[in-house]
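> These protein sequence lines are chains A and B, in that order. Under our numbering, read the first sequence as residues 13 to 344, first letter to last. Under our numbering, read the second sequence as residues -18 to 52, first letter to last. Glycine included, C-beta positions come from ideal geometry on N, C-alpha and C. Sharing a structure here in structure tokens format.
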Amino acid sequence: MSNRYVLVQWNRHKKIYDIVTLAGMVLFLTVYVGAGMIRHQSPSEISPPILLMRGFGVLSIVMLHIILSIGPLARIDERFSPLLYNRRHLGVMFFFAAFLHGFLVVGFYGGFGSVNPLSAILNSSGGGVPYELLGFMALIIFFVMAATSHDFWLANLGHRFWKAMHMCVYAAYTLVVLHVAFGAMQDKQGAVTPALLALGVVWLGGLHITAGLKQRKADVAVAEADAGWIDVCEVSEIPTSRARVVRQAGHEAIAVVNNEGTITAMSNVCAHQGGPLGEGQVIDGCLTCPWHGYQYDPATGCSPPPYTERVRTYEIRVEGGRVLLNPEPRGG
Amino acid sequence: MIDVLLIVIGVYFAIGVVFAVVVAAGPIKSFDSVVADSPLRFRFIATPGMAALWPIMAGKLVGAKNTSREP
Ligand code: HEM
Ligand code: FES
């Protein structure tokens, strides 16, 4: 049924993902510049380099929307989960597109003055909203995120810090929206850009709210059973090879897994980058993280050899068809 | 105003780049034992982040040195 999370072809899968992304980017730019050249013929001609610069701007904002959509989409419908895989590469490619946009702006609009070109660009708003500065600040945030996307950083900065830092993407997104709202839109007439931008904001906002609501519904409304055990749900409510997430204030989220009828529980937090294990599925007897495919034996919480990752496990009791969970991790 | 900001950012990253190159040449191993076994291109990948977050990484480097001196 599903070999979507397959780990074995990890590299091939990643390569395909990257090639498709790159091809999409090239195609987008080609169409954007081509269409621009046809639309803006003399006397209102716009030179291809300027079109390319704008193309990179538009490409990067489109990619940003795609990147920010993937998380909530995968929560809303699992068919989008394969997109999560390798989202990091997508992020880095997005950064290069945004960087080239900024670089070309500085080169073409700032390159001919006598002052430092970057300073010339950032000072050029002449009393209006300094939208170039907003884009610049966003770009710096994206740079830091792209530069620290490697696992080395996750390991050395710690989960919390890394995650908090990468949440800055929403601040950067806001800066980008303002950058376009005050910049590109002021220069040009027409309602297309504002309408698309508004659509993008509404789309992302809607997606995040929908995903949040769905998650709340799916998460178990925790009813405390005897002696601290939690009454999770009916056994039949957890589909085979899937998990259900239990959240409780003060505890880490716990994934209750149905592996061919055997119910076990483990941490919902992947040892790799904190991915939501409970949103993955059991493949080859292991619960498989939807983010990058790390796998864990549902009984032991250990990754299959040669891997050494391990997550906490929890005690489960099945009584009268109901699943009961001890929220204290095994072994203390 | 913006020029001051640019200078500050420029100086910050200039220090960062120097720091990153120096750290990538050797001390990076003390952050992460995995690094020693990784191919050289990994160090290349780590440098931009070093340049961006150099105050944090410098702090860690100093901290690591201090703790390793203690018995
Ligand atoms: C150093 C950073 C940046 C600078 C100096 C900059 C500057 C500019 C300038 C001057 C324009 C107007 C172009 C024109 O009217 O011909 C523009 C447009 C635009 N920028 Fe940026 N920008 C930067 C970063 C970003 C980033 C990070 C994004 C998105 C992720 C972005 C997205 C856009 C978009 C979508 C447009 C509209 C393009 C169009 O429709 O013509 N920019 N930018
Ligand atoms: S977070 Fe990367 S595999 Fe789970």
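Measuring only from the beta carbon, is H191(A) closer than 7 Å to any heavy atom that is part of the ligand HEM?
Flag set: Cβ of H191(A) near the ligand HEM.
> Can you tell me the Cα-Cα spacing of M105(A) and L34(A), whole angstroms?
Roughly 8 Å between the two C-alpha positions.
> Starting from V330(A), find everything on chain B with Cβ-Cβ shorter than 7 Å and list it in chain order.
Within 7 Å Cβ-Cβ: nothing; V330(A) doesn't reach chain B, min ~41 Å.
> What does V117(A) touch in chain B if you count any residue whose Cβ is under 9 Å from its own?
In chain order: nothing, as chain B lies at least about 15 Å away.
> According to DSSP, is L299(A) helix, strand or coil?
It is a strand residue.
> Straight-line CA distance for V330(A) to L225(A)?
The alpha-carbon atoms of V330(A) and L225(A) are separated by roughly 29 Å.
> Cutting at 6 Å between CB atoms, please list the residues of its own chain near R322(A), excluding the five before and the five after it.
Excluding positions up to five away in sequence, the list reads G313, C314.
> Quick one: Cα of N135(A) to Cα of N128(A), how far?
Cα-Cα distance, rounded: 11 Å.
> Shorter than 8 Å from the beta carbon of L166(A) to some beta carbon of chain B?
Judged by the 8 Å Cβ criterion, L166(A) is not in contact with chain B.
> Taking only beta-carbon positions, decide if I26(B) is within less than 8 Å of chain A.
For I26(B), the answer is yes, since a Cβ of chain A falls inside 8 Å of its Cβ.
> By Cβ distance below 8 Å, which residues in the same chain neighbour L336(A) in space, the five residues on each side in sequence not counted?
A237, W241, I242, D243, V244, I328, R329, V330, listed in sequence order.
> Going by DSSP, name the residue or residues bridged to Y326(A).
Answer is A277(A), P341(A).
> Q11(A) by DSSP, collapsed to three states: which one?
The requested residue 11(A) does not occur in the structure, where chain A is confined to residues 13 to 344.
> Just to confirm before moving on: does the CB-CB distance between A33(B) and A311(A) stay below 8 Å?
Contact: no.
> Any heavy atom of the ligand FES closer than 7 Å to the CB of Q285(A)?
It does: the Cβ of Q285(A) is within 7 Å (strictly closer) of some heavy atom of the ligand FES.
> Quick check on DSSP: helix, strand or coil for V65(B)?
Because chain B in this structure spans residues -18 to 52, residue 65(B) falls outside the shown range and cannot be described.
> Below 8 Å on the Cβ atoms is my guess for F173(A) versus F107(A); work out the distance and round it to an integer in Å.
The pair is not a contact, with the Cβ atoms about 20 Å apart (cut-off 8 Å).
> Following a CB-centred definition, is I275(A) positioned closer than 7 Å to any heavy atom of the ligand HEM?
No, Cβ of I275(A) sits at least 7 Å from all heavy atoms of the ligand HEM.
> Looking only at DSSP bridge pairs, what is N98(A) linked to?
Bridge partners of N98(A): none, in fact.
> Looking only at its chain, what residues have a beta carbon closer than 8 Å to the beta carbon of P341(A), apart from the 5 residues adjacent to it on each side?
Here the set comprises S279, R324, T325, Y326.
> Closer than 7 Å to a non-hydrogen atom of the ligand HEM - does that hold for the CB of I62(A)?
Checking every heavy atom of the ligand HEM against the Cβ of I62(A), one is found closer than 7 Å.
> What is the DSSP secondary structure of E90(A), reduced to helix, strand or coil?
Helix.
> For the ligand HEM, I want to know if R66(A) counts as a neighbour, meaning its beta carbon is within less than 7 Å of at least one of the ligand's heavy atoms.
Because some heavy atom of the ligand HEM lies under 7 Å away, the Cβ of R66(A) counts as near it: yes.
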